[in-house]
């Protein structure tokens, strides 16, 4: 999956190709154009590669990508009466079981969702035999270019070679956008938030590298020569670093050490880092509790957390599923079957319950005449029952006339 995080998260390149402002593009160095980044006001360069060094970005991206990629997605046909029928068509196996020779369906979709989240766009080349789709190959370094009312795609290959693919050969998955045919890059629009977080991480690393001790000054009544200053600095360097914390320094010749009076709490370094976790979570629409971060006064357990997770599934995960279903319906369904065939994720797979809750749910489905015994057994992963009555719907009778209790069939 790291391959995708470092090379495939290239939807940001669309911003460069389509006139994004303020981007620094590295070219002529043998490095891909996709190393484009943006300098934040805090100082650090913000790019898909640099923000993946932030644990919050990694956790938000992996949590969302892994959940979506693990959900079953099935191909259905809509009948005249509006009822759907699940299809056992090779197209489903191609897209979600084995899209190419080197990846499983989960691996492919993890990378695609990660691209959508970070760069706003994900690309895959459609492998065809004639007009029949036989596979999907991830495209890792792509620049979309407008052509007519759509796009063509410039793909950078090994050896700095490029080729242009028409829209008919590329599956283009968009993330959140505001029109124009492209998803918006979180890296571009979150430059300042990510830059501040990177700067805070660097500051924290420097503090810990010095054993949590701030810098200080050596004071002397005498004036030192340049050579003496260099010698003294070399001595001080032997005491710098977290691995040398607590080591005793011997001062002589009237030297006196005085510390600068500040500590991490004074500059609110720890509070800044805590705030950055919640700030980054907003960009990805992931509740902090999902990545193991509890807010002030919040625990990691209980019905409140369960409600938060349910909200994330509805407002964070479901929009991604709906967006991808619509794109797959538009670009992968054979023309003759459009309007009849459709893709749909199994959203109930997100709502796994404990055994007690599941028992109550299945019991309710049985007594309300909603699910047959075999349908309930299927939910439990059990084989269908051979009794024909296992396919009958049941209805609960709370009260009945006494005369009916003595009737014989």
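In the numbering used here, the protein residues as written are 15 to 423. Cβ atoms here follow ideal geometry from the backbone N, Cα and C, with glycine treated the same way.
| Item | Value |
| --- | --- |
| Classification of residue 189 by the beta-carbon crowding that lies within 10 angstroms, buried from 16 upward | buried |
| Run of the alpha helix (DSSP H) containing residue 75, from where it starts to where it stops | 69 to 84 |
| Between the CA atoms of residue 98 and residue 87 - distance to the nearest angstrom | 14 Å |
| CB contact flag (residue 208, residue 65, <8 Å) | yes |
| First and last residue of the uninterrupted beta strand (DSSP E) at residue 149 | 146 to 152 |
| Whole-angstrom distance between residue 332 and residue 168, CA atom to CA atom | 31 Å |
| CA-to-CA distance, residue 170 to residue 163, given in whole angstroms | 23 Å |
| Range covered by the beta strand (DSSP E) that runs through residue 138 | 135 to 143 |
| Which listed residue (81, 103, 83 and 186) has its alpha carbon closest to that of residue 91 | 103 |
| Through-space distance from residue 292 to residue 237, alpha-carbon basis | 51 Å |
| Alpha-carbon to alpha-carbon, residue 128 and residue 76 | 7 Å |
| Of the residues 205, 156 and 215, the one placed nearest residue 196, counting alpha carbons only | 156 |
| Exposure label - residue 131; buried when at least 16 CB within 10 Å | buried |
| Residue 119 to residue 185 span [Cα, whole Å] | 15 Å |
| Same chain, Cβ closer than 7 Å to residue 72, five either side skipped, listed in chain order | 66 |
| Buried versus exposed, by CB contacts within 10 Å (16 or more), residue 145 | exposed |
| Exposed unless 16 or more other CB atoms sit within 10 angstroms - verdict on residue 124 | buried |
| Assigned exposure category for residue 290 - 16 Cβ within 10 Å defines buried | buried |
| Contacting residues, own chain, Cβ-Cβ under 8 Å from residue 323 (five flanking each side not counted) | 301, 303 and 304 |
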